[in-house]
Structures are given as C-alpha cells and as structure tokens.
Amino acid sequence: MDVVVVLGKNVRKYRKLRGLTQEQLALDAEMERSYVSDLERGTRNPSVKAVGRLAEALNVEPHLLLMSIGK
Numbered sequence: 004m005d006v007v008v009v010l011g012k013n014v015r016k017y018r019k020l021r022g023l024t025q026e027q028l029a030l031d032a033e034m035e036r037s038y039v040s041d042l043e044r045g046t047r048n049p050s051v052k053a054v055g056r057l058a059e060a061l062n063v064e065p066h067l068l069l070m071s072i073g074k
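Under the working numbering, think of the first position of the sequence shown as 4, with each following residue one higher.
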C-alpha cells in the first residue's frame, strides 16, 4: 500500500480515537483543515515536518502514523 494512503488512514484513525474533528487537529498541528482532509484522503504528500506536527498533535510516535494497519 502507498505510504501516503497508509499515513492518511492512520491520521484518521488516531484523530477519531481522540475524538477530534479535522478542524481541531488542524489547529493543534498548526495546519489548514483542508490540508488535514487531503492527507486523510491520501491526496497530499506531507513533509517530514508535517508528519512530526501531526504526531505531536495526536500524541503518538511519528512511526505509528507510517505503519501499515493491514488490509
């Protein structure tokens, strides 16, 4: 599976586990809500810095956002 798609699925999973909206996550990660939406849909290629900011906002280790969660 494409790493960008994996990242998007994991961001959505952890965001929902924490009860956050895309808007809340975007504010916490200092990003635009539309950028978070694009990431979750796998249509944007995030920078390493963006992955780090998302991980920090979601309170997870960055590598967890890149791990495949199965089929």
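Virtual Cβ for every residue (Gly too), placed ideally from N, Cα, C. These numbers come from a predicted model, not from an experiment.
Taking just the CA atoms, how far does residue j sit from residue i?
| i | j | result |
| --- | --- | --- |
| Leu20 | Val63 | 12 Å |
| Pro65 | Glu59 | 8 Å |
With 8 Å set as the bound, which would you pick, yes or no: does the beta-carbon of residue i sit closer than that to a beta-carbon of chain D?
| i | result |
| --- | --- |
| Ser37 | Of the protein chains in this structure there is only one, and it is not chain D. |
Using the three-state DSSP reduction, which class does residue i fall into: helix, strand or coil?
| i | result |
| --- | --- |
| Gly45 | coil |
| Gly22 | coil |
| Val51 | helix |
| Val6 | helix |
| Ser71 | coil |
| Val39 | helix |
Determine, using beta carbons only, whether residue i and residue j come nearer to each other than 8 Å.
| i | j | result |
| --- | --- | --- |
| Leu68 | Leu28 | no |
| Val8 | Leu57 | no |
Would you mind working out which of the options sits nearest residue i, comparing C-alpha positions?
| i | options | result |
| --- | --- | --- |
| Ala32 | Gly55, Ser50, Val8, Tyr17 | Gly55 |
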